Amino acid sequence: MDDQEWFAEQLAQHRPRLRAVAYRLLGSSTEVDDALQEAWLRTTRADPAAITNPAAWLTTLVGRVCVDMLRARQARREQLSATWEPLVSEYGDPEEASLHTDAVGIALLVVLDSLEPAERLAVVLHDMFGMPFEQVAVVVGRTPAATRQLASRARRRLREHAPQPRAGLPAQRRVVDAFLAAARAGDFDALLALLAPDVVFRADHGRRARLAPALLTGAGAVAARAADAGPRFARLCVPALVNGVAGVVARDRSGRTIAVVGFTVYDERITTIDLILDPDKLPSGPVASAPTGHLLATGTDEHVPGGELDRP
């Protein structure tokens, strides 16, 4: 077996983990593919005889590629809106659900996208994938002590602005199902009871004309908006799996996806709602999903891993 065959075998073996690392760092399936392709090209400059731990070496390589991409993205930030893309698929289909292996919740992606590249790399590689700070420090070009500080700052931001769901998928679906029902009915009081007091509603319009406020905070404001728009908008919505958690997809009469909505459910209340209207981020084809009113179609108890994000 020559060197490139060996590298190809190692990349294939560790591809799921490498994709998961790259998605958490980049938030874009397209960019994930680009990162893995670039990592493959960089293996041509490496000596397999010097690699004692292929999994760690490949994770470091992909991490370096991703941080280069993040820094390039940051340099052209004025030309970009949020860079993450939602992963959307059908409830209850194991093959479709496998697509979400790389996913993290949209609320977490939003906050990760706001971090400096080194902070994002430190918290993802250490907190989510258990890489020792000594190894992470090599990737970010800092000392282990400085890398710990990077991760600590990032962790505080994530814990404050993107608490991870405590409920499994069936419980999330119950809450989202109730929210949709209340929105369709325009029931302000029912909506208010389902929202955390400090709930955050975000709308990503991209190049589309603004159809909703870009940001609302507080249960009263969000419930009022949902009660007003819900009778028209919610009737277009069907349940879907959005970045591994309960969400909905809205379609027009032709079946074209016009919006994706991601929810974060924490202690039986909705803490974030992310409405994605940017046509560049929406699925281009139809997304199969369970019929409206059947959010409890599967009993799978899935959740998004948070690693050490809930740690003091």
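Add 381 to the 1-based position in the sequence shown for this note's numbering, that's all there is to it. Even for Gly, the Cβ is constructed at its ideal location relative to N, Cα and C. Computed from a predicted structure; not experimentally measured.
Identified DSSP bridge partners for serine 470: Secondary-structure assignment with DSSP links serine 470 through a beta bridge to Leu622.
Assigned secondary structure, threonine 598 (DSSP; H/G/I helix, E/B strand, else coil): strand
Per-residue DSSP class, three states only, for arginine 583: strand
Nonlocal neighbours in the same chain, by C-beta distance under 7 Å from valine 744, ignoring five residues either side: Nothing in the structure corresponds to residue 744, since the chain is present only between 382 and 693.
Beta strand (DSSP E) segment containing leucine 392, residue limits: Not the beta strand (DSSP E): leucine 392 falls in the alpha helix (DSSP H), residues 384-407.
Proline 467 beta carbon less than 7 Å from that of isoleucine 651: It is not a contact, given that the beta carbons lie outside the stated cut-off.
Residue burial classification, alanine 430 (beta-carbon count within 10 angstroms, cutoff 16): exposed
C-beta atoms of aspartate 655 and glycine 643 nearer than 7 Å: yes
Simplified DSSP state of phenylalanine 644, which is helix, strand or coil: strand
Inter-residue spacing [alpha-carbon to alpha-carbon] between alanine 607 and valine 623: Annotation: alanine 607 to valine 623 spans about 19 Å, alpha carbon to alpha carbon.
Neighbourhood of arginine 501 by C-beta distance below 7 Å, restricted to the same chain and skipping five residues each side: Excluding residues within five positions, the ones whose Cβ falls inside 7 Å are Leu406, Leu451, Leu493, Ala535.
Per-residue burial, serine 635 [other beta carbons within 10 Å of its own, 16 or more giving buried]: exposed
Short Cβ contact (7 Å threshold) for valine 448 with proline 498: yes
Cα-Cα separation between arginine 526 and asparagine 434, rounded to whole angstroms: Sequence inspection shows alanine at residue 526; the arginine mentioned does not correspond to that position. Taken atom to atom, the span from the alpha-carbon of alanine 526 to that of asparagine 434 is near 23 Å.
Buried or exposed (CB count within 10 angstroms, at least 16 for buried), aspartate 585: buried
Under the three-state DSSP convention, the category alanine 427 falls into: coil
Spatial neighbours of alanine 604 in its chain, beta-carbon cut-off 7 Å, leaving aside the 5 residues before and after: Within the same chain, alanine 604 has close Cβ partners Phe569, Leu572, Leu573, Leu576.
With 16 other Cβ atoms within 10 Å as the buried cut-off, status of proline 397: Exposed, since its Cβ has fewer than 16 Cβ neighbours within 10 Å.
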